[in-house]
Structure formats: C-alpha cells, structure tokens
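Here is the structure:
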C-alpha cells in the first residue's frame with residue numbers, strides 16, 4: 002500500500018461528530034436544569050442582602066475599582082446605556098448557542114470538550130447560588146448605583162417578588178461572564194487565525210456591561226473565572242481535531258515515504 006494512502010491508525014485523536022438529536026436533547030436538558038436550579042435558590046432575600054453587604058465591603062477593603070466608575074460612563078447618554086441593557090438582555094444565550102453550533106459543525110472534538118466545560122461551570126455555579134444567595138448591586142442601596150434596565154430599558158427582569166422566570170438573587174458567580182469567557186477561550190483554542198485573540202473582546206465587553214448596568218459585582222466575574230479555570234484544568238483539551246489530525250498526517254507522510262525509500266535503497270545495495 003502506498004504511504005500516501007495509508008489510513009490513519011485506530012488510535013487517532015479524531016472524534017466523530019456526536020448524534021445531533023442526542024446533543025439537542027442534552028443541551029435542552031442542561032438548560033432546563035439551569036432554569037430549575039435557579040428557581041430552587043429563590044426565597045432567601047434576607048440572606049442575599051446580608052451577603053451583598055459583605056461582598057460590597059470586601060471589594061472596598063481590597064480596593065477594587067468602584068462599579069460606579071463604569072456605570073458613570075454609560076450614563077453619559079441614553080443611547081449608550083440602552084445599548085448596554087440590550088446587550089445584557091439579548092447576547093448571553095444566542096452567543097453561547099452559536100458558539101456550540103459552530104464547534105459542533107466545524108470542530109467536533111472541541112465541541113464535546115466545550116459542552117462538558119460549560120456544563121461543569123453551570124452546575125458549580127448553581128451550587129454556589131444555593132449556598133450563597135446574593136443581591137445584585139442594582140438592588141443594594143449602599144452601592145448608590147442605578148438599575149439601568151428599569152430606568153432606561155430594556156429589562157429582562159420583573160419585580161423580584163413576582164418574577165417567576167429567574168432568580169434575581171443569584172449574582173455570584175456571573176454566568177453571563179463565565180459563559181462569555183468560555184466562548185472566547187473555546188474559539189481561541191479551536192482556531193488558528195492570528196486574529197483569534199480578538200475574541201477576548203467579548204468577555205471584556207460583557208464584563209463592562211454586567212458591571213455598568215449594576216447587575217453584577219467585580220467579584221462575581223472573578224468567581225466565574227475561577228470556576229472556569231478549574232473546569233478547564235480538569236477537562237483536558239483534545240489533542241487534535243479531525244481537521245488538525247488530517248493536516249498533521251499530511252505533514253508526516255512525506256517524511257515516512259522518504260524513510261521507507263531510504264530503507265529500500267539500502268536493501269538493494
């Protein structure tokens with residue numbers, strides 16, 4: 002058999018694309034668990050406000066920048082703050098879904114890894130939400146921050162007492178930031194373009210939005226980063242995707258052919 006047409010070994014790192022129906026059901030199931038888990042964390046209003054004061058005081062004690070400095074930039078004009086509120090309300094889920102769809106279609110091995118990391122981070126975040134309910138800064142009078150979504154719109158939250166679709170006392174960790182950071186990390190490791198580092202603008206912009214709209218503290222983003230770091234460290238990256246495996250083999254084949262040619266030439270002598 003010619004060396005150029007020899008098939009890849011059975012132990013190749015190439016991973017077949019998972020069945021679509023199974024993945025749709027799995028992702029839908031994870032989303033439902035996420036929503037139900039957040040609902041389980043409701044009803045701890047007093048504890049959530051107490052924890053919020055502790056977080057706010059800790060940030061001041063360690064001299065983190067004030068969230069108000071970011072919000073003041075947004076409040077220079079109604080248009081900018083409205084864009085920030087819209088970004089917060091509309092980008093979170095669609096961007097993450099688009100990221101998973103692209104990986105599923107173009108980088109199956111990275112898709113499996115990214116889905117596992119996102120699931121691990123989300124599960125860990127729900128545990129923290131249950132153990133450490135936290136009022137967002139927009140609801141804490143001590144911060145002096147404006148609830149920009151309520152004042153300028155659009156808002157994804159109703160009145161906390163009647164909002165049955167979300168848990169507004171689950172600020173830490175920020176899954177808005179954690180998922181955005183995972184999207185950037187996933188695209189950076191799954192692509193080769195020199196411009197791929199620009200994907201970091203997505204979590205950076207998300208960070209400024211969640212802080213500037215007073216939906217999260219700085220520590221919420223720090224906690225999300227820590228959880229993501231643990232998940233990425235625990236769930237190792239695939240060594241090669243189908244695409245990179247094929248390219249690597251193309252680079253190796255000529256060398257293998259030359260080696261075989263040298264052996265045959267030596268034997269002829």
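Residue numbers (this note's numbering): 2 to 270. Ideal placement from N, C-alpha and C gives every residue a C-beta, glycine not left out.
Bounding residues of the alpha helix (DSSP H) (the contiguous stretch that carries residue i)
i, result
"residue 73", "68-75"
"residue 178", "176-191"
"residue 94", "93-107"
"residue 195", "Here residue 195 belongs to no alpha helix (DSSP H), and DSSP marks it neither H nor E."
"residue 221", "219-235"
"residue 54", "46-62"
"residue 150", "149-153"
"residue 157", "It is not in any alpha helix (DSSP H) - residue 157 carries neither H nor E in the DSSP assignment."
"residue 213", "202-213"
Assigned exposure category for residue i - 16 Cβ within 10 Å defines buried
i, result
"residue 58", "exposed"
"residue 100", "buried"
"residue 221", "buried"
"residue 32", "exposed"
"residue 224", "buried"
"residue 108", "buried"
"residue 219", "buried"
Residue i - partner residues in DSSP beta bridges
i, result
"residue 135", "171"
Among the options, nearest to residue i - alpha-carbon criterion
i, options, result
"residue 237", "169, 200, 121", "121"
"residue 52", "133, 34, 179", "133"
"residue 232", "192, 198, 114, 210", "114"
"residue 150", "65, 82, 27, 20", "82"
"residue 90", "239, 210, 227, 228", "210"
"residue 228", "198, 195, 145, 118", "118"
"residue 180", "55, 56, 94", "94"
"residue 110", "20, 96, 206, 202", "20"
"residue 182", "170, 201, 192, 191", "201"
"residue 22", "219, 63, 105, 196", "105"
"residue 18", "49, 102, 45", "102"
"residue 170", "45, 30, 25", "45"
"residue 27", "219, 116, 148", "116"
Validate contact between the region 121-134 and the region 171-182 using beta carbons, cut 8 angstroms, 3 pairs: With a cut-off of 8 angstroms, the region 171-182 and the region 121-134 count as touching, because enough Cβ pairs lie within range.
Three or more C-beta pairs under 8 angstroms: does that hold for the region 152-159 against the region 73-86? Short answer: they touch.
Do three or more CB pairs link the region 59-72 to the region 207-217 at distances below 8 angstroms? By the Cβ test, the region 59-72 is in contact with the region 207-217, since at least three Cβ pairs between them sit closer than 8 angstroms.
Hey, is the region 131-143 in contact with the region 179-191, meaning 3+ C-beta pairs nearer than 8 angstroms? With the cut-off at 8 angstroms, the region 131-143 and the region 179-191 do not touch.
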